[in-house]
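Asker: A single structure is presented below for examination.
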Amino acid sequence: MKRRFYLFALMVIAVFAGVTTNLSGDYICGDANGDGGVNVSDAVHIVNFVFVGGDAPDPVATGDCNCDGSCNVSDAVAVINFVFVGGYDPCDPDDDGIPECDPNSPMAIIDPSPDLLEAPWSLTGPEGFSASGNGDDTLISLAVGEYTITWGDVFAWVTPPDSTHILASEDTVTFSGIYVEAGPGTIVIDPAPDSLNAAWSLTGPEGYLADGNGDDTLAELDPGDYTITWGYIFKWIKPQDSTLTLPPEDTMTFIGTYVEAIDSTGTVTDIDGNVYQTIKIGDKWWMMENLKVTHYRNGDEIPNITSNSTWENLISGAYCNYDNDEGNVDTYGRLYNWHAVNDSRGIAPQGWHVPTDAEWKQLEMYLGMTRAEAD
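Under this note's numbering, think of the first position of the sequence shown as -17, with each following residue one higher.
If you want it as structure tokens, here you go:
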């Protein structure tokens, strides 16, 4: 019988405990569920709102018991302390009898959608007021006056227009911004001169890949970054590869202008009198045939080794022919060991040298490889 009495007394305290802070207006600070009083059910309402997606206090400012500008679990704690242990009155966190915030004061609700975008926004108002954030928010205790919201851009979505509202005393305005998913875009491929019918390759978002020759138009493409790689054409200097960003519902053009390489071919003769065709690629000249020379640049003979076992044990320069067949020289050139290549007497024609690894990479990237592929 005694236990029932204490339980009943606790229920009475929980239901009828009131607010001593003097606030004017229709809303009671701490009355998160709108039942006309501040009790433990308001703490439960706040906890459900914060943690399990329950209904928000209406207005949200009724749940901002500690006047920190938001409704969170600390406000539920403030309600419980007020109801059960005589903590400070809701909206009077410094307990001086003067409320620091008021749920009846003007407030603005920021409501961009879809919620998953967490869209950016900025709000300006009277007396130099400025606030910014992302996604839903409620701004309380605002001054009366004119407020303007500017919605930020979200890639691949159409941004809502700015809007302005007049906020009156004890009023609430809602700024709603509806983002609409943007449509696809178009890319135009335009290599020049057209007569070359130049090859190209295009990569883009989510593994997109397309290739072709000459002019083309690619439609229904997702917005994002696209990179074009231009193909190599003999005796022409190819354009630099480039990356552009395709905006939603827009068209962009990749223009690639090939320049004819003047004096881009020629010949070079080695010490044995072999004549090689040459070509200028980028800023370097390259032989278009494999080396056939049998003497170092100073005239010393390079030994011709035909025995595999002897070749494997050499510690000096030498050459051999493919299959040890002189008839293969015009097709494959001659094969040299590293000692011959690295010999200070030189096997390349006068003024030429065997390319370094860095020069090979430069050539490969000029002809279309990426840095990663060349490495």
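Cβ atoms here follow ideal geometry from the backbone N, Cα and C, with glycine treated the same way.
This one's a predicted model, so the numbers in the text were calculated from it and none came from an experiment.
As a quick exercise: from Cys49, Ile122, Ser224, pick the residue whose alpha carbon is nearest that of Leu149.
Answerer: Out of Cys49, Ile122, Ser224, Ile122 has the C-alpha closest to the C-alpha of Leu149.
Asker: In angstroms with no decimal places, state the Cα-to-Cα distance between Val(-3) and Ala90.
Answerer: With a pLDDT of only 39 at Val(-3), under 50, the local geometry of the prediction cannot be trusted, and no value is derived from it.
Asker: Is the CB-CB distance between Ile253 and Gly299 below 8 Å?
Answerer: No, the pair does not count as a contact, with Cβ atoms beyond the cut-off.
Asker: Exposed or buried, what is Thr130 when buried is set at 16 or more other beta-carbons lying within 10 Å of its beta-carbon?
Answerer: Looking at its Cβ environment, which holds fewer than 16 other Cβ atoms inside 10 Å, Thr130 is exposed.
Asker: State yes or no: is the C-beta of Asn324 within less than 8 Å of the C-beta of Leu296?
Answerer: Taking 8 Å as the Cβ cut-off, Asn324 and Leu296 do not qualify as a contacting pair.
Asker: Put Ile62 into one of helix, strand or coil per three-state DSSP.
Answerer: In this structure, Ile62 counts as helix in the three-state DSSP scheme.
Asker: As a quick exercise: from His27, Gly186, Val311, Phe157, pick the residue whose alpha carbon is nearest that of Pro142.
Answerer: Ranking His27, Gly186, Val311, Phe157 by Cα distance to Pro142 puts Phe157 first.
Asker: Cα separation between Val424 and Trp342?
Answerer: The structure shown has nothing for residue 424, since the chain only spans -17 to 357.
Asker: Expressed to the nearest angstrom, what Euclidean distance is found between the alpha-carbon atoms of Asp381 and Gly165?
Answerer: The chain is shown only over -17 to 357; residue 381 falls outside these bounds and no answer can be derived.
Asker: Going by C-alpha to C-alpha distance, which of Arg279, Asp119, Glu355 sits closest to Ala322?
Answerer: The shortest C-alpha separation from Ala322 is found at Arg279.
Asker: Please classify Asp207: does DSSP put it in a helix, a strand, or coil?
Answerer: If DSSP states are grouped into helix, strand and coil, Asp207 belongs with the strands.
Asker: Just list the alpha helix (DSSP H) runs in the stretch 257 to 338, keeping only unbroken ones of 4 residues or longer that don't cross its boundaries, in chain order.
Answerer: The qualifying runs are 290 to 294, 311 to 314, 320 to 323.
Asker: In the DSSP assignment, what residue or residues form a beta bridge with Glu163?
Answerer: Glu163 pairs with Trp139.
Asker: Judging by CA-CA distance, which residue of Phe216, Glu242, Trp293 is the nearest neighbour of Trp268?
Answerer: When each option's Cα is compared against that of Trp268, the closest is Phe216.
Asker: Determine the contact status of Thr249 and Val257, defining contact as a CB-CB distance below 8 Å.
Answerer: The answer is yes: Cβ separation under 8 Å.
Asker: Suppose contacts are defined by Cβ-Cβ distances below 8 Å. Is Asn48 in contact with Asp37 by that definition?
Answerer: It is not a contact, given that the beta carbons lie outside the stated cut-off.
Asker: Which residues does DSSP pair with Tyr190 in a beta bridge?
Answerer: According to DSSP, which records beta bridges pairwise, Tyr190 is partnered with Gly186.
Asker: Which residue from Leu317, Thr154, Leu200, Trp103 puts its Cα closest to that of Thr132?
Answerer: It is Trp103 whose Cα lies nearest to the Cα of Thr132.
Asker: Here's the rule: buried if 16 or more other CB atoms are within 10 angstroms of the residue's CB, otherwise exposed. What is Asn15?
Answerer: Counting Cβ neighbours within 10 Å, Asn15 comes out buried, since at least 16 surround it.
Asker: Would you mind reading off the limits of the alpha helix (DSSP H) that contains Phe33?
Answerer: Where Phe33 is concerned, the enclosing alpha helix (DSSP H) stretches over 22 to 34.
Asker: Let me confirm a value: Glu202 is counted as buried when at least 16 other C-beta atoms fall within 10 Å, else exposed. Which label applies?
Answerer: That one is exposed.
Asker: Three or more C-beta pairs under 8 Å: does that hold for the stretch 205 to 212 against the stretch 269 to 277?
Answerer: The answer is no - the stretch 269 to 277 does not touch the stretch 205 to 212, with fewer than three Cβ pairs under 8 Å.
Asker: When DSSP labels each residue in this structure, what does Leu178 get in the three-state scheme?
Answerer: Leu178 falls in the helix class under three-state DSSP.
Asker: Measuring only the C-alpha atoms, how far is Thr235 from Ala180?
Answerer: Whole-angstrom Cα-Cα distance: 16 Å.
Asker: Of the residues Val67, Leu99, Asp78, which one's Cα is nearest the Cα of Gly159?
Answerer: Nearest C-alpha to Gly159: Leu99.
Asker: What whole-angstrom Cβ distance do Val61 and Asp24 have, given they're in contact under 8 Å?
Answerer: That pair is a contact at about 5 Å.
Asker: Using DSSP with H/G/I as helix, E/B as strand and the rest coil, what is Thr251?
Answerer: In this structure, Thr251 counts as strand in the three-state DSSP scheme.
Asker: I need the DSSP call for Met351, collapsed to helix, strand or coil.
Answerer: Residue state, collapsed to three classes: coil.
Asker: In chain order, what residues of the same chain lie with their CB nearer than 6 Å to the CB of His147, ignoring the 5 residues before and after it?
Answerer: So the qualifying residues of the chain are Tyr129, Val155.
Asker: Between which two residues does the beta strand (DSSP E) holding Ala125 run?
Answerer: Ala125 -> no beta strand (DSSP E), and no H or E assigned at all.
Asker: What would DSSP say about Ala43, mapped onto helix, strand or coil?
Answerer: Residue state, collapsed to three classes: helix.
Asker: Give the straight-line distance between the Cα atoms of Asp8 and Leu228, rounded to the nearest whole angstrom.
Answerer: Approximately 52 Å between the Cα atoms of the pair.
Asker: Counting along the chain, where does the beta strand (DSSP E) carrying Asp8 start and finish?
Answerer: First-last for Asp8: undefined, no H or E at that position.
Asker: Quick check on this structure: which residue in Glu308, Pro285, Val136 has the alpha carbon closest to the alpha carbon of Asp97?
Answerer: The shortest Cα separation from Asp97 among Glu308, Pro285, Val136 belongs to Val136.
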